[in-house]
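Chains as they are written, first to last, in my numbering: chain U, 227 to 331; chain D, 36 to 530; chain R, 18 to 108; chain E, 474 to 789.
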Amino acid sequence: MIVDIISTALFMIGCLLGLTGAWGLLSFPDFYTRVHAASITDTLCAACFVSGLMLQTGWSLVTVKLLMVLLLLWLTSPASSHALVRAAHHAGLRAMTWSFLGDRS
Amino acid sequence: MTIGHLPALQVVIPLLAAPVCFLLGRWPRLAWLLASAVAWTTLVIAIGLWLQVREGGTISYAFGGWAPPWGIEYAVDRLNVLVLLIVSGIAAVIFSGSWESVRQEIPESRQALLFTNLLLCLAGLLGITITGDAFNLFVLLEISSLSTYALISLGRDRRALTASFQYLIMGTIGATFILIGVGILYMLTGTLNMADLAHRLGGLQGSRAMHTAYGFLVIGIGLKLAMFPLHLWLPNAYAYAPSVVSAFIAATATKVAVYVMVRYLYTVFGPEFAFSAMYVQWLFIPVGIIAVLFTSIVALFQHDIKRMLAYSSVAQIGYMLVGIGLVNVTGLTGALLHVFNHALMKGALFLALAAICFRIGNPRIENIRGIARQMPWTMAAFVGGGLSLIGVPLTAGFISKWYLILAAVERGWWPVVAVVVIASLIAVIYVWRVVEAAYLHPRPEDAETVAEAPPALLAVTWALVLANVWFGVNPGLVTSLASGAAEALFGGYLP
Amino acid sequence: MVLAITIGALLAIMLLALARALAGPKVYDRILAMNMFGTKTVLLIAVYGIFTDSPSLVDLSIFYALINFIGVIAVLKFIERVEEYDEVVER
Amino acid sequence: MLCMTALVVVYVRHLFSVVMLFGIYSLLSALIFVVLDAADVAFTEAAVGAGVSTVFMLATLVSTGRQEKAPAHSPLLPLAVVTVTGAALIWGTLDMPHFGDPGNPVHVHVADRYIQESPDEIGIPNMVTSVLASYRGYDTMGEVIVIFTALVGVLSLLGVRERRENPVHRTGERHSRPYPVLQVMALLLIPFILVFALYVQFHGDFGPGGGFQAGVIFAAAIILYTLTFGLDDATALLPVKLICMLAAAGVLLYGGTGVVSMLLGGNYLDYDVLAHDPVHGQHYGILVIELGVGITVSTVMIAIFLALVSRAERPR
């Protein structure tokens, strides 16, 4: 019972985080801010979902597999964000500066 | 024990020889020897199957030991044994004569790949012919088409790449249509075995989904066999492929597609559905007639002899469609005979061209002026093939046209008779253009003198030319096979 | 109920990410969106698999996570390679 | 979403974006398969559609142009053809048996027998694998050969150079921007991926998976290695000649199983005769042919990838 409540709560937090990230991805003004929104929420969101699922399944082989999903996401997602930003930076994509923001407003 | 396995061996031997051939990459000559040996083996197997079918009727072979509707079945009857014979025979002849030409046209590092592709293509075509399973047919079709694309792209001319790409797009669309058709049939019946499909479709007459499946299959196969408005890929593909490849593909690929069409129309859907409910003859007759007349005329204006023969191929396919569309036993016999004979004559013509290409390079009409004096045997072979293409008596081409005319007379459709005759006259003209250039014009002063083609190439060309004459003088063997197949296909159905 | 909300939310996130992927404007935005789309697909399949009691789908989601990562790396590498030759950065 | 993605793919001209959208497209279609409970198909779709083909298309793009050319002729004819085709499909499927109806011909004829009998005849839980590997094993062999044919085709078009002629000259240029983080990540991940590939390979009897998927996963590991460490290191690890030999060996392994069963007195690919007990025979047969599939698929994918990349790295 308690497990159910906790996992439901975890799901809800996960949904919230995910939606926040996606909203940020969509509405932030430039690439670097979008990466910021997306990548930070991504990690915790995945963690919430997967741990919620692990609570649901109980202890079995599936739990281990879920743990692997989580580890994999934790490893790959920041790494790809990092590579992405690095590539963008090297390619000369410039961040939007405050002054530019000020100009626009 | 081996006798029982012949149907499987027919396809499996070339299929498994292909990776071995691939491993022989460093030794192209060995690859060629292997490919030729395998092709001759398939011919022997096909003859064995033919003898068996003649004695005992249809042979069935269950893969994996699972009885037909559950596993995949190979079924050999009089219809496909005819196609097996011609495909493996042509392959055996062409492969064994191909070495010199391939060595000249293809860089050494890719020669073994070419033979691997040829083997895969042969296996695919034989498999399409022999299989009794609708999906297995699709798989083998993919093997043969993919290898054909690769083969065409190996051509010397850079335009071969474009031609191959064009064919790839059209061929893929065709294959997708076929796959959709087969998928719908599976949804309707729950089976993929052709005999079982035919049995179960019998109870579904008038279902819309069945009509759709039928439409998709006819169009898909039509693309593959270069049915008239869908033939646009063919001339380029034949013209730019390596000479040996043009000869092999022109002689076999579209013939197998015609076989598939016949198989679907008669065996799977049944003549009653195909002709009385869907009136496919009203598609085939006009399309066939237009193809015969239009592409024959187009062939008249080609300067590249390969292209000219390619257009003529589309016209010949028109004859076959007309034969099917006449909806009588004689017409179907004529169509099947034409499948067989056209393979013989186009094989001979394209091999003669390969010999010409070997010496001259670009087979344009203006380049071959006066060539006959320097390559008398090659040009004589070309004339022999040309006579058969025209349909002169005592050649194989005459027999099949004669059957087509008989069938048209039987139905009382005189215009069709006229079309066959007119198209033959046009064929006289375009063959004559080549003959005139080669025999009557003097060799230009600045042209280098050329020698006769290498003996191996010449030998196989003449083997096919003599086969044309042989089957023109003694047609009994093939006609009895074809008419037996046609009668069996029609069953009790009469229009 | 929980399942419906979770899947709904995940689909909504995917839709938003898809919108960003379609809108662009830079290649990097698309890659970012593709990455997010991929991770959410992984989660979606895991959630769906657990709730419909077909745990074999979890294998699938492990695999998706891998593919997603390799896809992103491949895109990056190839873009980089292209830029060595010409300055196709914008758009 | 699927339709939307497809439409945008048609409109966008920047080919990199198109490729990425294709990736999303196949993830979406894989989701449909998941919902239809076809885990094996979803697996393959993800592997081939989202994974390998994306990478292949990208590699191709590098050696061709990035912008689509403006269409040379009017799109009206293709549009008409597509519309007619679509209409025909919809019209024809309207009176199709209802989806999910247990009385469908699909469910009562051949498939029904597979479901009823395969536990006794073949004895492995994943029925997809028994149909694929045994009942219709010959088709699967055909598919493996299709893949092999693709390799032969790509090689006849591109060819793979064994080594760079002058490796020293290019090294500095090539590693202009190494990604240390990615390299470490790759080293961490690759063993994991390989183990996962083995798991999928040998777990195909029980869960979704098998030779095709495992082969692709294995190839994915090598592709990741090539991407992070460069082509030279990858070909030093796996010489192209070896890969090609393995591809042929995989096909021969599959076909050879059939030949062996023929020699033992069964029909081609009849695994019953491989052991004293038919069910064991089926087990062995499926194990071996799945291995053949896995070897061929992975090596073909790697070889095609290396061919494309070596083409792309060629200086212009």
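Using N, Cα and C, we set each Cβ at its ideal position, and we do this for glycine too. Note that the structure is predicted; figures quoted are calculated from it, not measured.
- At the C-beta level, residue 358 of chain D and residue 370 of chain D come within 8 Å of one another.
- Judged by DSSP in its simplified three-state form, residue 136 of chain D adopts helix.
- The closest CA to that of residue 475 of chain D, considering only D:513, D:432, D:496 and D:406, is found on D:406.
- Those residues of the segment 31–50 of chain R placed with their C-beta closer than 7 Å to a C-beta in chain U are 33, 34, 36, 37, 43, 45, 46, 48, 49 and 50, ordered along the chain.
- The three-state reading of DSSP puts residue 61 of chain D in coil, since its state is none of H, G, I, E or B.
- With fewer than 16 other beta carbons inside 10 angstroms of its own, residue 227 of chain U counts as exposed.
- Contact check between the segment 120–133 of chain D and the segment 493–504 of chain D: three or more CB pairs, one atom from each, fall below 8 Å, which counts as touching.
- In the three-state reduction of the DSSP assignment, residue 616 of chain E falls in the helix class.
- Under the three-state reduction of DSSP, residue 93 of chain D is assigned to coil, being neither helix nor strand.
- DSSP, reduced to helix, strand and coil, places residue 108 of chain D within a strand of the structure shown.
- Fewer than three Cβ pairs drawn from the segment 361–370 of chain D and the segment 422–433 of chain D lie within less than 8 Å of each other, which leaves the two stretches out of contact.
- For residue 302 of chain D, there is no enclosing alpha helix (DSSP H), as DSSP marks it with neither H nor E.
- In the same chain as residue 628 of chain E, and ignoring 5 residues on each side of it, the C-beta atoms closer than 7 Å to its own belong to 780, in chain order.
- Under the Cβ criterion of 8 Å, residue 86 of chain R is counted among the residues facing chain U.
- In the displayed model, residue 166 of chain D falls within a strand according to three-state DSSP.
- Residue 531 of chain E places its beta carbon 8 Å or farther from that of residue 90 of chain R.
- Scanning its chain for C-beta atoms nearer than 6 Å, with the 5 sequence neighbours on each side dropped, one finds around residue 338 of chain D the residues 399 and 400, in chain order.
- Burial of residue 322 of chain D is indicated by the presence of at least 16 other C-beta atoms within 10 angstroms of its C-beta.
- Interface flag for residue 67 of chain R against chain E is unset, since no Cβ pair is found closer than 8 Å.
- Residues 201, 202 and 205 of the same chain have their beta carbon placed closer than 6 Å to that of residue 268 of chain D, with the five preceding and five following residues left out of the count.
- Residue environment: residue 92 of chain D is assigned as exposed (fewer than 16 neighbouring CB atoms within 10 Å of its CB, all protein chains considered).
- Close to residue 266 of chain D, with beta-carbon spacing below 8 Å, lies no residue of chain E; the smallest spacing is near 16 Å.
- In the DSSP assignment, residue 701 of chain E falls within the unbroken alpha helix (DSSP H) covering 684–702.
- Taking the Cα positions, residue 69 of chain R is about 32 Å away from residue 492 of chain E.
- The C-beta separation of residue 431 of chain D from residue 379 of chain D comes to about 5 Å, placing the pair in contact by the 8 Å criterion.
- The alpha helix (DSSP H) runs of length 4 or more contained entirely in the segment 145–220 of chain D are, from start to end of the chain, 169–188.
- By the neighbour-count criterion, in which 16 or more other beta carbons inside 10 Å mark a residue as buried, residue 449 of chain D falls on the exposed side.
- Residue 268 of chain U sits close to residue 56 of chain R, with the two beta carbons spaced by under 8 Å.
- When DSSP states are grouped into helix, strand and coil, residue 228 of chain D belongs to the strand group.
- For residue 466 of chain D, the closest alpha carbon among the candidates D:150, D:457 and D:347 is that of D:347.
- In the DSSP secondary-structure assignment, residue 339 of chain D is bridged to D:399.
- Judged by DSSP in its simplified three-state form, residue 506 of chain D adopts helix.
- Three or more beta-carbon pairs separated by less than 8 Å are not found between the segment 290–307 of chain D and the segment 325–339 of chain D, which leaves the two stretches without contact.
- Contact between the segment 139–153 of chain D and the segment 56–75 of chain D is present, with at least three C-beta pairs closer than 8 Å.
- Under the three-state reduction of DSSP output, residue 270 of chain D falls in the helix class.
- When D:336, D:157 and D:227 are compared, the shortest CA-CA separation from residue 102 of chain D is found for D:227.
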